[in-house]
């Protein structure tokens, strides 16, 4: 698995990154600078490995597909992109939208306004990679990763009664995954 986020632009040219992406034989998680690169070069969308998971926030998604007039249009844009590029699109937000290549879409039922913090998306990326690394299909990795990420954020926010840090979300992942196991 590979996390193409926060790319080291000074080490490699954009063309080298696109060439690298083209050679990957397995799904990847694309976030941040990788999404900006795909948005900058629309032809590069054909290079996205089958089953990859893209995790744009709304503005990054608009750079990929253009602005949406309303939520229904955004849902359709995500479904169309996922189908056209055989990937999973997770449009991050209060209740993230997950679009699958088979045309299905879901809104995540977990999450909290407390999660709007720097690094929260990086935690999600790590969780997606963990589920992929455990052998989950890309679809199941996306659905589980987004759900448990949101649940960990809910738990952190409920306990702390304040905005969370990325480390707070991380600290609550075990409780989200294994609610019946006691500390200690």
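In full-length UniProt numbering, the protein residues as written are 1 to 184. Just so it is clear, CB atoms sit at the ideal spot from N, CA and C, and this is done for glycine as well.
Along the chain, where does the alpha helix (DSSP H) containing residue 170 start, and where does it finish? Translated into positions along the chain shown, residue 170 becomes position 170. Its alpha helix (DSSP H) spans residues 166-171.
Should residue 154 be labelled buried (16 or more other beta-carbon atoms within 10 Å of its own) or exposed? Residue numbering aside, residue 154 sits at position 154 when the chain shown is read from its first letter. Buried, by the Cβ-count rule.
Specify the secondary structure class of residue 92 as computed by DSSP and reduced to three states. In the chain shown, counting from the first residue as 1, residue 92 sits at position 92. The three-state reading of DSSP puts residue 92 in strand, counting E and B together.
Assuming the contact rule is C-beta atoms closer than 8 Å, residue 75 and residue 142 should be a hit. Round their C-beta distance to whole Å, please. Translated into the one-based positions of the chain shown, residue 75 becomes position 75. Translated into the one-based positions of the chain shown, residue 142 becomes position 142. Contact flag wrong, Cβ pair sits at about 15 Å.
Counting Cβ pairs closer than 8 Å, one from the region 16-31 and one from the region 43-52, do we hit at least three? yes
Within 8 Å, do at least three Cβ pairs link the region 163-177 to the region 106-116? yes
Closer than 6 Å by C-beta to residue 62: which residues in its own chain qualify, once you throw out the five before and the five after it? Chain order, please. Residue numbering aside, residue 62 sits at position 62 when the chain shown is read from its first letter. Cβ within range, chain order: n/a, list empty.
Determine the contact status of residue 152 and residue 176, defining contact as a CB-CB distance below 8 Å. Along the chain shown, one-based indexing puts residue 152 at 152. Along the chain shown, one-based indexing puts residue 176 at 176. Contact: yes.
Look at residue 21 and residue 47 and say whether their C-beta atoms are less than 8 Å apart. Against the chain shown, residue 21 aligns to sequence position 21. Against the chain shown, residue 47 aligns to sequence position 47. Pairing residue 21 with residue 47 gives a Cβ-Cβ distance under 8 Å.
Taking the straight line between their C-alpha atoms, what separation do you get for residue 107 and residue 118? Reading the chain shown from its first residue, position 107 is the one you call residue 107. Reading the chain shown from its first residue, position 118 is the one you call residue 118. Computed Cα separation, rounded: 22 Å.
Backbone CA spacing between residue 138 and residue 123 [nearest angstrom]: The sequence position of residue 138 within the chain shown is 138, counting from 1. The sequence position of residue 123 within the chain shown is 123, counting from 1. When rounded, the distance between both Cα atoms is 17 Å.
How would you write the range of the beta strand (DSSP E) that residue 97 sits in, first residue to last? The residue you call residue 97 lines up with position 97 of the chain shown. Taken as a continuous stretch (DSSP letters only), the beta strand (DSSP E) holding residue 97 covers 97-99.
In the DSSP assignment, the beta strand (DSSP E) including residue 105 goes from what residue to what residue? Translated into the one-based positions of the chain shown, residue 105 becomes position 105. Residue 105 -> beta strand (DSSP E) spans 105-107.
Given that a residue counts as buried once 16 or more other Cβ atoms are within 10 Å of its Cβ, and exposed if not, what is residue 181? By one-based count along the chain shown, residue 181 stands at place 181. Residue 181 is exposed by the Cβ-count criterion.
Taking all protein chains shown into account, decide if residue 178 is buried (16 or more other Cβ within 10 angstroms of its Cβ) or exposed. Translated into the one-based positions of the chain shown, residue 178 becomes position 178. Exposed: under 16 other Cβ atoms inside 10 Å.
Tell me where the alpha helix (DSSP H) around residue 79 begins and ends. Against the chain shown, residue 79 aligns to sequence position 79. Note, residue 79: alpha helix (DSSP H), 71-85.
Let me make sure I understand the geometry here. Which of 40, 162, 98 has the alpha-carbon closest to that of residue 145? Taking the chain shown and counting its residues from 1, one reaches residue 145 at position 145. The candidate whose alpha carbon is nearest that of residue 145 is 98.
Given a cut-off of 8 Å on the beta-carbon distance, is the pair residue 121 and residue 55 in contact? Taking the chain shown and counting its residues from 1, the one referred to as residue 121 is at position 121. Taking the chain shown and counting its residues from 1, the one referred to as residue 55 is at position 55. Yes, the pair counts as a contact, with Cβ atoms nearer than the cut-off.
With a Cβ-Cβ cutoff of 8 Å, do residue 77 and residue 84 count as a contact? Here the question's residue 77 lines up with position 77 in the chain shown. Here the question's residue 84 lines up with position 84 in the chain shown. Not a contact, by the Cβ cut-off of 8 Å.
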